[in-house]
Amino acid sequence: MGYCAQLIQPLYICRTIENMIYVSRKEHFNAAHKLYNPSWSAEKNKEVFGPCANENWHGHNFELITTVAGNPDPETGFVIDLKKLSSLIRSEVIEKLDHKNLNLDVDFMKDKMASTENITIEIWKILEPKIAQISKYGTLHSLRLYETPRNFVDYFGG
Ligand code: NI
308 MGYCAQLIQP LYICRTIENM IYVSRKEHFN AAHKLYNPSW SAEKNKEVFG
358 PCANENWHGH NFELITTVAG NPDPETGFVI DLKKLSSLIR SEVIEKLDHK
408 NLNLDVDFMK DKMASTENIT IEIWKILEPK IAQISKYGTL HSLRLYETPR
458 NFVDYFGG
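Heads up, the sequence shown is in the working numbering, so the first residue is 308 and it goes up one at a time.
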């Protein structure tokens, strides 16, 4: 039981329902941000966003977990080469975010609220097509982004 889906020539993925497995890579970045809605008063921003509305920014230690789902390649046993996945995440995402101000320095966050939710959605848009280019047997399944060890979001695309 299985299928091959042609995406963009000559890219395609091959999958079976059996042996579906999930492979993850964790990467790290530090970044500053501010949550502030300019159409609200300073008082309302403080009430809604608390310390995240601090005018002079604040930072977080973010952890990004990228999970790829698929079947092991019969030739390598890998769903995806984790060295390739790691260098892809670093070059396409981490280098653009690490030691940056999310509100000011990051092109794909321009004009968006710099929330963990919005960052994760934008990272998905970057990584999903790139992962399809480096893995015949795996596709991006989910992203988990930790803003703090206790606060994190999960995104499954869509
Ligand atoms: Ni914050």
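Glycine included, each C-beta is placed from N, C-alpha and C at the ideal position.
Where DSSP assigns a beta bridge to residue i, which residues make up the other side?
i	result
Val-472	Shown here, the chain extends from 308 to 465; a query on residue 472 therefore has no answer.
Phe-336	Phe-369
Leu-452	Leu-371 and Val-460
Can you check whether the CB of residue j is closer than 8 Å to the CB of residue i?
i	j	result
Ala-338	Asp-405	yes
Leu-389	Ile-430	no
Ala-376	Met-327	yes
Val-355	Ser-442	no
Ile-428	Tyr-453	no
Asn-352	Asn-363	no
Among the options, which has the Cα closest to the Cα of residue i?
i	options	result
Glu-399	Leu-342, Arg-322, Trp-347 and Leu-434	Leu-434
Asp-380	Thr-427, Lys-432, Lys-403 and Thr-323	Thr-323
Lys-333	Ile-396, Gly-465, Lys-407 and Gly-445	Ile-396
Tyr-329	Thr-374, Ile-428 and Asp-412	Thr-374
Asn-368	Phe-459, Ala-439 and Leu-392	Phe-459
Thr-455	Glu-362, Ser-331 and His-335	His-335
Glu-325	Pro-436, Glu-382 and Tyr-444	Tyr-444
Asn-378	Arg-451, Thr-446 and Glu-402	Thr-446
Residues in the same chain with beta-carbon distance under 7 Å from residue i, minus the five sequence neighbours each way, listed in chain order, please.
i	result
Gly-366	Asn-337, Ala-338 and Ala-339
Leu-342	Phe-356, Cys-359, Ala-360, Met-420, Ala-421 and Ser-422
Lys-407	Ala-338 and Val-413
Ser-449	Thr-374, Asp-461, Tyr-462 and Phe-463
Ile-401	Glu-334 and Phe-336
Arg-457	none
Using a Cβ-Cβ cutoff of less than 6 Å, which residues in the same chain neighbour residue i once the five nearest sequence positions on both sides are dropped?
i	result
Glu-424	Val-460
Leu-409	Ala-338, His-340, Met-416 and Ala-421
Thr-350	It should be pointed out that residue 350 corresponds to Glu in this sequence rather than to Thr. Cβ neighbours of Glu-350 beyond the five flanking positions: none.
Could you pull out every residue in the same chain whose Cβ sits closer than 8 Å to the Cβ of residue i, ignoring the five residues on either side in sequence?
i	result
Ser-393	Arg-332 and Glu-334
(request) Scan the segment 349-417 and note each continuous beta strand (DSSP E) run of 3 residues or more that stays entirely inside, going in chain order. (result) 365-377
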